[in-house]
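**Student:** According to our numbering, the sequence shown is numbered sequentially starting from 3.
A single structure is presented below for examination.
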Amino acid sequence: MRRIGVLVLVLLAGGSVLASSAAAQPTRNPPGDDALAAPAPPPLLVPPAQPSPPPARGPEDAFGRGTPRGAVRGFLEAARESDWEKASEYLDLRRIAASRRAEAGPELARKLKEVLDRTLWVNVDDLSNDPDGFVDDGLPARIDRLGTLEAQGGAVDLKLGRVPRDDGQSIWKVSAETLRQIPALHEEFGYPAWTDQLPSVLVETQIFEAALWQWLVFAVLFVVAGVGALLLEWGFRKLAAAVAGASRREVARVLDVVSSPLRLLIWLQIFEAGQPWVGASVRFSRILGALLGVLWVIALTWLAMRVVEAFSQRIVRRLTERGQLSATALVPIGRRMARFVLLLIGFLFLLRSAGVNVTALVAGLGVGGLAVALAAQKTLENLFGGITIIADAPVRVGDFCRFGDKIGTVEDIGLRSTKIRTLDRTVVAVPNADFASLQIENFGPRDRFLFRVVLGLRYETTSDQLRCLLIELKRLLVSHPDVHPDPARVRFVGLGSSALEVEVFAYLRVPDFDRSLAVREELLLQIMEVVADAGTGFAFPSQTAYMANDVAISPERARAAEARVAAWRASGQSPIEGVAADRIVSLGTEPKPQR
């Protein structure tokens, strides 16, 4: 639902921008109808305020026909209200018999309005507001051009003429020459003949520059295009499955990913193909075309992004099948970068459709790229840090690791940061540049788990008890199925301050950390049983005070030692240096004492 909401918002915003641009293009003969009754929305860049045009001069006229602009404005206002009798007051009917003017005038006014709707976008502000009209347009002094349309027989000028009123004052009307061409132009550009048989409410009711019957046709076309898109997409799936053969499953996966934008593209194609049946006015067609243009850009961008998604999924599957799991971490970053580029291209196309000079914009971005790069230095560091983490692969998503003074499981390696879930179940986001510089200890690739304990035995333990204990502990390790035999050692390693120290060292062959804790627990309990069976126990820090009478140093032994040293000094030879070589050799071969 979130994607649909974003799509609707982008559609409305883009359509408004494009419609504003289309409505704001000033030309002498633009397509459409009344610009006064429905003024065009402001362009993207609002120009500075201009002084209001001078008031129209000319003769006083109840219908405002003193200038070309006033005449066309009055005609369009009357036509929008379907007041054809009033609209006929803006036509030069002098060449029509007086007896037929009451009937022919409104009919000609209606046909002229239909021709203008289907061919021209009339902007009354482009017409002269001077009673004399334009004097430098290459036309006779009393003639002004309303617009030019392309008919089958070539270009046709629709003209205004300055004609005398009943009281002799000159006013502006649609020229008699133009009225003579209206029947033929209506035959070519008018609405289909069957619309004349429709109820007047369907023809005369206008909603946003379109008749009510046109809105009904739009609704039918909308539904038909939707049903057609579903049917064509279903047929395309069947055809692709038949052609794919052995790759049918892979093709089905791709079509599942791209089905939504594909249906939208098919719907747009059918909807646009049915536009001629609606016969909308040029003004309405311009606005509708702008909205459809936005939809085309959105649909194509959406399709391209879904294609990127489909191919990234396929790449991940291939890498997983080959066992290259470290390379799969690069795929999300590549997918995000590709989606960003596609969104940027789509946005530039929208700007181009809105009339923005994209070339100048891109050139400006190139000039400002250096400043942006300097401002985004930290962001770029994090980006390249993320690439380094993925390429070097010290950790992957799902690995349990220690980084700095924290420990946790890697959940995501993004463009800016790496997210790790700690043992407290919180998520820590570490910038990639900082994370790459940390010392990382990865517990994920461990093939064995270390088991090492130092037992402290009581000093009352005899040497034979200790020998028995060492043998039983060694037998315990080598007989356990989860203990790796190399190395699996038990050694008497030291005389501690309060205990005899025995080291038990081995590696556990278990698949995960939880299993290692279970095996460790089992071994520790069995070690306690072995120690108890040996008749000894674990020591704890303690001190023993022995109370006895003091024994004085023997003066006779002290004098004997001093005499021996004096004899060595008198002989001038060290007692070690005086030992014969054969005696030294024999000392090294004497058997050590046994208990």
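C-beta: ideal position from N, C-alpha, C; glycine also.
What's the call for VAL124, buried or exposed, on a 16-neighbour Cβ count within 10 Å?
**Tutor:** Numbered from 1 along the sequence shown, position 122 holds the residue referred to as residue 124. Buried, because 16 or more other Cβ atoms sit within 10 Å of the Cβ of VAL124.
**Student:** With distances taken Cα to Cα, identify the nearest neighbour of LYS240 among LEU527, ASP258, ASN434, PHE402.
**Tutor:** Position 238 of the sequence shown, counted from the first residue, corresponds to residue 240. Comparing Cα positions, the closest option is ASP258.
**Student:** Drop a sphere of 10 angstroms on the beta-carbon of ARG182, count the other beta-carbons inside from all chains shown, and report buried for 16 or more, exposed for fewer.
**Tutor:** Here the question's residue 182 lines up with position 180 in the sequence shown. Result: exposed.
**Student:** Give the secondary structure of ASN384 by DSSP, where H, G and I count as helix, E and B as strand, and everything else as coil.
**Tutor:** On the sequence shown, position 382 is the one that residue 384 refers to. The answer is helix: DSSP assigns ASN384 an H, G or I state.
**Student:** Under 8 Å: do the stretch 205-225 and the stretch 99-108 share three or more Cβ pairs, one atom per stretch?
**Tutor:** Result no; under three Cβ-Cβ pairs closer than 8 Å.
**Student:** Beta strand (DSSP E) containing PRO489: first to last residue?
**Tutor:** Here residue 489 is taken as the residue at index 487 of the sequence shown, counted from 1. Note, PRO489: beta strand (DSSP E), 485-497.
**Student:** Let me know the secondary structure DSSP gives SER500 once reduced to three states.
**Tutor:** On the sequence shown, residue 500 is found 498 positions in, with the first residue counted as 1. Residue state, collapsed to three classes: coil.
**Student:** Rounded to a whole number of angstroms, what is the C-alpha to C-alpha distance between GLY410 and CYS403?
**Tutor:** Counting from 1 along the sequence shown, the entry for residue 410 is found at position 408. Counting from 1 along the sequence shown, the entry for residue 403 is found at position 401. So the alpha carbons of these two residues sit roughly 6 Å apart.
**Student:** Tell me, please, which residues DSSP counts as bridged to THR150.
**Tutor:** Stepping through the sequence shown from its first residue, residue 150 is reached at position 148. THR150 is bridged to ASP159.
**Student:** Any idea what DSSP makes of ILE442, helix, strand or coil?
**Tutor:** The residue given as residue 442 occupies position 440 in the sequence shown. ILE442 falls in the strand class under three-state DSSP.
**Student:** My understanding is that PHE453 touches ALA520, with C-beta atoms under 8 Å, so please give their C-beta distance in whole angstroms.
**Tutor:** Along the sequence shown, one-based indexing puts residue 453 at 451. Along the sequence shown, one-based indexing puts residue 520 at 518. Actually they do not touch by this definition, with Cβ atoms about 12 Å apart.
**Student:** State the Cα-Cα distance for the pair ASP414 and ASP401, rounded to the nearest angstrom.
**Tutor:** Reading the sequence shown from its first residue, position 412 is the one you call residue 414. Reading the sequence shown from its first residue, position 399 is the one you call residue 401. Between ASP414 and ASP401, the C-alpha separation is close to 10 Å.
**Student:** If I measure Cβ to Cβ from ARG337 and keep anything under 8 Å in the same chain, skipping five residues before and after, which residues do I get?
**Tutor:** The residue given as residue 337 occupies position 335 in the sequence shown. Result list for ARG337: VAL310, GLU311, SER314, in chain order.
**Student:** Alpha carbon to alpha carbon, how far is VAL455 from LEU525? Give it in angstroms, no decimals.
**Tutor:** Looking up residue 525 in the sequence shown gives position 523. Looking up residue 455 in the sequence shown gives position 453. Using only the alpha carbons, I get a separation of about 11 Å.
**Student:** Measure the C-alpha to C-alpha separation of MET339 and ALA356 and round it to an integer number of angstroms.
**Tutor:** As a first step, residue 339 is located in the sequence shown; it is residue number 337 there, counting from the start. As a first step, residue 356 is located in the sequence shown; it is residue number 354 there, counting from the start. For MET339 and ALA356, the distance between alpha carbons rounds to 26 Å.
**Student:** Which partner residues of ASP414 appear in the DSSP bridge assignment?
**Tutor:** Within the sequence shown, numbered from 1, the residue matching residue 414 stands at position 412. LYS421.
**Student:** Buried or exposed: ILE555, going by 16 or more other Cβ atoms within 10 Å of its Cβ?
**Tutor:** Mapped onto the sequence shown, residue 555 falls at position 553. Exposed, because fewer than 16 other Cβ atoms sit within 10 Å of the Cβ of ILE555.
**Student:** Helix, strand or coil: which one does DSSP assign to LEU122?
**Tutor:** Along the sequence shown, one-based indexing puts residue 122 at 120. It is coil, neither helix nor strand.
**Student:** Where does GLN467 fall in DSSP's three states?
**Tutor:** Walking along the sequence shown from the start, residue 467 turns up at place 465. Reduced to three states, the DSSP call for GLN467 is helix.
**Student:** Could you pull the start and end residues of the alpha helix (DSSP H) that PHE191 belongs to?
**Tutor:** If you number the sequence shown from 1, residue 191 lands on position 189. Per DSSP, PHE191 belongs to the alpha helix (DSSP H) from 178-191.
**Student:** With distances taken from CA atoms, which of PRO263, ASN131, ARG559, TYR461 is nearest LEU232?
**Tutor:** Locating residue 232 in the sequence shown gives position 230, where the first residue counts as 1. Selected option, being the one with the closest Cα: PRO263.
**Student:** Over the uninterrupted beta strand (DSSP E) stretch that includes ALA73, give me the two end residues.
**Tutor:** As a working note, residue 73 is residue 71 in the sequence shown. Taken as a continuous stretch (DSSP letters only), ALA73 belongs to no beta strand (DSSP E), being part of the alpha helix (DSSP H) at 70-82.
**Student:** Which class does SER261 belong to by DSSP, given the choice of helix, strand or coil?
**Tutor:** What you label residue 261 is simply residue 259 of the sequence shown in a count that begins at 1. Correct three-state label for SER261: helix.
**Student:** Closest by CA to GLY228, which one among LEU471, ILE272, HIS486?
**Tutor:** Here residue 228 corresponds to residue number 226 of the sequence shown, with the count starting at 1. The shortest C-alpha separation from GLY228 is found at ILE272.
**Student:** Along the chain, where does the beta strand (DSSP E) containing PRO433 start, and where does it finish?
**Tutor:** Start at 1 with the first residue of the sequence shown, and residue 433 comes out as number 431. PRO433 -> beta strand (DSSP E) spans 429-433.
**Student:** Relative to the C-alpha of PHE342, which candidate in VAL553, ARG324, LEU417 has its C-alpha closest?
**Tutor:** Translated into the one-based positions of the sequence shown, residue 342 becomes position 340. Checked all of VAL553, ARG324, LEU417; the closest Cα to PHE342 is LEU417.
**Student:** For the candidate residues GLY539, GLU189, ARG71, whose alpha-carbon lies nearest to that of ASP134?
**Tutor:** By 1-based counting over the sequence shown, the position of residue 134 is 132. For the residues GLY539, GLU189, ARG71, the minimum Cα distance to ASP134 belongs to ARG71.
**Student:** Alpha carbon to alpha carbon, what distance is there between ARG144 and ASP132?
**Tutor:** By one-based count along the sequence shown, residue 132 stands at place 130. By one-based count along the sequence shown, residue 144 stands at place 142. The straight-line gap from Cα to Cα measures roughly 12 Å.
**Student:** Going straight from the alpha carbon of GLY406 to that of GLU443, what length do you get?
**Tutor:** Walking along the sequence shown from the start, residue 406 turns up at place 404. Walking along the sequence shown from the start, residue 443 turns up at place 441. Distance between the alpha carbons of GLY406 and GLU443 is about 9 Å.
**Student:** Count the CB pairs spanning the stretch 213-226 and the stretch 102-113 that are closer than 8 Å, and state whether there are at least three.
**Tutor:** No, they do not touch.
**Student:** To test your reading of the DSSP string, which unbroken alpha helix (DSSP H) runs of 4 or more residues are found completely within the stretch 92-143?
**Tutor:** Within the stretch 92-143, the complete alpha helix (DSSP H) runs of at least 4 residues are 103-121.
**Student:** If contacts are defined as beta-carbon pairs under 8 Å, then ASP484 and VAL512 qualify, I think. What distance do you get, rounded to the angstrom?
**Tutor:** Along the sequence shown, one-based indexing puts residue 484 at 482. Along the sequence shown, one-based indexing puts residue 512 at 510. At roughly 6 Å, the Cβ-Cβ gap stays under 8 Å, so ASP484 and VAL512 are in contact.
**Student:** Quick check on the DSSP output: the beta strand (DSSP E) that includes VAL456 runs from which residue to which?
**Tutor:** Stepping through the sequence shown from its first residue, residue 456 is reached at position 454. Counting along the chain, the beta strand (DSSP E) containing VAL456 begins and ends at 451-459.
**Student:** Have a look at the DSSP bridge pairing and note the partners of GLU505.
**Tutor:** As a position in the sequence shown, residue 505 is number 503, starting the count at 1. GLU505 is bridged to VAL456, ARG493.
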